[in-house]
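J.: There's a structure below that I have some questions on.
Residue numbers (this note's numbering), protein chains in the order written: chain U, 1 to 325; chain P, 1 to 323.
Here's what the structure looks like:
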């Protein structure tokens, strides 16, 4: 099953079992979703539940919030992360705060889904990542899932949760193949150990997990050691227990992310490790992140702006050799 | 409108004004802090609109103490919220601008100008989907009609034929900027005209506001889509308590106060409804006593407990989600 098909299946199943679930966004209905995530659902559930909205992101999230207050369970789709900026008032000032400001009187069961990241030459206004900003907002939960099986289970649980969840996807993951164990009971707020290992903990999420896995054989061969790869899945809250357990074992931390290095999400992980596990670390942490530049259109420049498997391997090997491996 | 209702509206208007003056007094004494947006002068609008929209969901702005009280929230719970106390309607976590009571289908104040309008649109969608008839009313000021959220909402509510009453309180000032300096006309209903039927009403006349909102609600319940009502009002105070109101001339304020909504309602009660002067005097006395009790309740109420800092963020607290 493809990643997008797993998401589709998750939405389909909750819509079938719960009439209060509605989907809204640009082209989610008759068109089937610009990444085909909602394909076929309008035929099953009608235009009343697959709501094609105008190009008005502030309203997509604001309306979803009102629907939730009114007793529905909306899944809002923003076509791409950069467009979510138009909805940031509704996401941050409303979705994240309403429950607290009203002293817990209401649940806000809203999921806001959007794809993000560098795809292929979409240029600066269609390629960015915003997990660093959204994960810093109290009142929001942020999921960013790499694995197809997790995509199915995490989205299903997110829709059934009573709190606002930002569900970040990556444009290059939609056609990823994977097995889905429909009967599994997965906790999407628990990090996934993509590979176990002994000497280095590599923490990543979304598409970068795949790039790390691609770089891994070379890293393990050149450094002659095994690495543990942790796919965070949940960016807020963070599963610190799984991270701590791994770091106590390996003593070395690498964080790989696609967003810009300054203020990037990985700062969160590294500062936590420095505060909480300083004496468990045998080496200074390494962050591999995107360059601090707008994403360029030209393919060569575009690839130069983000981590790639080659760059990840090269950086980790150099760092490992300088730090006793 | 009938005599009993007219008396009730009069009582709530007097109560609202007394409440606002008490809030001002206790702000100046340092017991209330933050922003405080007083509704003095605009009580006819706040009370009559809420009484007319008796059933249905209401979303409003940060100038909502009187709206909340008219909706039935205890004045003590509103005052305690202003005092930041644990007995406040939002447990002291929301403050003056965030009074919410879901049991009364009142989703309170929103402190982002226009921010509540898309929320109300979504709620109206939910009500239509659920087949519930009462509809939704969203209150906003003239300042909000210059923002994108407002125009997006006119478009969507109209395209979807939602049971939504857009209720614009036009007091002509966005903080200190007169509406005609930043918009091409005085009456903002013009902006809604291409999308839906619009009504204009004198917002200083409680009876007129009541009648228009009542009719608008019955129209939105017919399933033909939203209605826009604009009420022209005049606020007596500055935008918030820290605003000295220096941008309006003494002459303008004099004309404004000549249309006092409480005096007008009183005259109407005495002349058209043959109300007993003693009865009105007793209502006025009861209103002041209620406010005094609200202040006493707020003063005596405890502060929130320190652990309240971390509650009410999630339905399932994060700590429980990640074992």
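Cβ atoms here follow ideal geometry from the backbone N, Cα and C, with glycine treated the same way. Computed from a prediction, not measured in an experiment: that's the story for all the values here.
Within a Cβ cutoff of 8 angstroms, which residues of the same chain sit near residue 51 of chain P, ignoring the five residues on either side of it in sequence?
T.: If we look at residue 51 of chain P and ignore the five residues flanking it on each side, its Cβ neighbours are 5, 8, 9, 12, 70, 210.
J.: Any beta carbon of chain P sitting closer than 8 angstroms to that of residue 337 of chain U?
T.: Within the shown structure, residues of chain U are numbered from 1 to 325, placing residue 337 of chain U beyond reach of any answer.
J.: Please check the pair residue 122 of chain P and residue 104 of chain U, which I expect to be a contact at CB under 8 angstroms, by giving their CB distance rounded to whole angstroms.
T.: No, residue 122 of chain P and residue 104 of chain U are not in contact; Cβ-Cβ is about 20 angstroms, not under 8 angstroms.
J.: Using Cβ-Cβ distances below 9 angstroms, what residues of the segment 98-109 of chain U are close to chain P?
T.: Residues passing the 9 angstroms Cβ filter: 98, 99, 100, 101, 102, 103, 104, 105, 106, 107, 108, 109.
J.: Less than 8 angstroms between CB atoms is the rule here; does residue 345 of chain U satisfy it with respect to chain P?
T.: Because chain U is modelled from 1 through 325, residue 345 of chain U falls outside the range shown and cannot be assessed.
J.: Buried or exposed, going by whether 16 or more other CB atoms sit within 10 Å of the CB of residue 325 of chain P?
T.: Shown here, chain P extends from 1 to 323; a query on residue 325 of chain P therefore has no answer.
J.: Would you say residue 115 of chain P reaches chain U, if we count a Cβ-Cβ gap shorter than 8 angstroms as a contact?
T.: By this cut-off, residue 115 of chain P is an interface position.
J.: Whose Cβ in chain P lies nearer than 8 angstroms to the Cβ of residue 135 of chain U?
T.: Residues of chain P passing the Cβ test: none, with the nearest at roughly 12 angstroms.
J.: Give the residues of chain U in contact with residue 94 of chain P, contact being defined as C-beta atoms less than 9 angstroms apart.
T.: Within chain U, the residues near residue 94 of chain P are 100, 101, 102, 103.
J.: For residue 305 of chain P, would you say it is in contact with chain U, using Cβ-to-Cβ distances shorter than 8 angstroms as the test?
T.: Closer than 8 angstroms: no.
J.: Can residue 3 of chain P and residue 303 of chain P be called in contact, C-beta distance under 8 angstroms?
T.: Cβ distance not < 8 angstroms, so residue 3 of chain P and residue 303 of chain P don't count as in contact.
J.: What are the residues that DSSP puts in a beta bridge with residue 170 of chain P?
T.: Bridge partners of residue 170 of chain P: P/232.
J.: Can you check whether the C-beta of residue 323 of chain U is within less than 8 angstroms of a C-beta belonging to chain P?
T.: Taking Cβ atoms only, chain P never reaches closer than 8 angstroms to residue 323 of chain U, which makes this a no.
J.: Taking a cut of 7 angstroms between CB atoms, which residues from the segment 59-88 of chain U lie near chain P?
T.: Going along the segment 59-88 of chain U in chain order, one finds 59, 62, 63, 64, 65, 66, 67, 69, 70, 71, 72 with a Cβ nearer than 7 angstroms to chain P.
J.: Along the chain, which unbroken stretches of the alpha helix (DSSP H) at least 4 residues long are found entirely within the segment 127-194 of chain P?
T.: DSSP runs (the alpha helix (DSSP H)) wholly in the segment 127-194 of chain P: 148-159, 179-182, 189-192.
J.: Are residue 333 of chain U and residue 252 of chain U close, meaning C-beta to C-beta below 8 angstroms?
T.: Shown here, chain U extends from 1 to 325; a query on residue 333 of chain U therefore has no answer.
J.: With DSSP as the reference, label residue 227 of chain U as helix, strand or coil.
T.: Here residue 227 of chain U sits in strand by DSSP.
J.: Are the beta-carbon atoms of residue 15 of chain U and residue 178 of chain U separated by less than 8 angstroms?
T.: No, they are not a contact pair.
J.: With DSSP as the reference, please indicate the residues paired to residue 24 of chain U in a beta bridge.
T.: Per DSSP, U/51, U/76.
J.: Rounded to whole angstroms, what's the CA-CA distance from residue 322 of chain P to residue 233 of chain U? Just pull it up for me.
T.: Reliability of the predicted coordinates at residue 322 of chain P is poor, the pLDDT of 32 falling under 50, and the value obtained from them is presented with this limitation in mind. Going by the C-alpha atoms only, they are around 12 angstroms apart.
J.: So is residue 48 of chain U in contact with chain P if we call contact Cβ pairs under 8 angstroms?
T.: By this cut-off, residue 48 of chain U is an interface position.
J.: Comparing C-alpha positions only, which one of P/153, P/14, P/98 sits nearest to residue 60 of chain U?
T.: Out of P/153, P/14, P/98, P/153 has the C-alpha closest to the C-alpha of residue 60 of chain U.
J.: Assuming residue 213 of chain U contacts residue 229 of chain U (C-beta within less than 8 angstroms), just tell me the rounded distance between them.
T.: So it is a contact: roughly 6 angstroms between Cβ atoms.
J.: Excluding the 5 residues flanking residue 270 of chain U on each side, which residues of the same chain have their C-beta closer than 8 angstroms to its C-beta?
T.: Closer than 8 angstroms at Cβ, skipping near neighbours: 253, 255, 285, 287.
J.: With a threshold of 16 other CB atoms inside 10 Å of the CB of residue 277 of chain P, please say whether the residue is buried or exposed.
T.: When all chains shown are included, residue 277 of chain P counts as exposed.
J.: Where does residue 161 of chain U sit, in a helix, a strand or coil, going by DSSP?
T.: Of the three classes helix, strand and coil, the one that applies to residue 161 of chain U here is coil, per DSSP.
J.: Which class does residue 323 of chain P belong to by DSSP, given the choice of helix, strand or coil?
T.: Its pLDDT being 27, under 50, residue 323 of chain P is placed unreliably by the model, and nothing is read from it.
J.: Which same chain residues, not among the five before or five after residue 16 of chain P, have their C-beta less than 8 angstroms away from its C-beta?
T.: Only 39, 43, 46, 47, 65, 66, 69, 70 meet the Cβ criterion.
J.: Could you check what DSSP says for residue 300 of chain U in three-state terms: helix, strand or coil?
T.: In this structure, residue 300 of chain U counts as helix in the three-state DSSP scheme.
J.: Have a look at residue 312 of chain U and residue 325 of chain U and give me their C-alpha separation to the nearest angstrom.
T.: Cα to Cα, the separation comes out at about 16 angstroms.
J.: Note down, in chain order, every chain P residue with its Cβ under 7 angstroms from the Cβ of residue 121 of chain U.
T.: Near residue 121 of chain U there are no residues of chain P at all, since even the closest Cβ is about 30 angstroms away, more than 7 angstroms.
J.: Less than 8 angstroms between the CB atoms is what I'm expecting for residue 223 of chain U and residue 317 of chain U, so what's the real figure, rounded?
T.: Yes, residue 223 of chain U and residue 317 of chain U are in contact; Cβ-Cβ is about 6 angstroms, under 8 angstroms.
J.: What are the boundary residues of the beta strand (DSSP E) that residue 199 of chain P is part of?
T.: That run of the beta strand (DSSP E) goes 198-202.
J.: Compute the Euclidean distance between the alpha carbons of residue 90 of chain U and residue 274 of chain P, then round it to the nearest angstrom.
T.: Going by the C-alpha atoms only, they are around 50 angstroms apart.
J.: Between residue 185 of chain P and the rest of its own chain, which residues show a CB-CB distance below 8 angstroms, the 5 nearest in sequence each way excluded?
T.: Same-chain partners within the cutoff: there are none.
J.: Who are the Cβ neighbours of residue 182 of chain P in its own chain at under 8 angstroms, not counting the five residues just before and after it?
T.: Around residue 182 of chain P: 146, 174.
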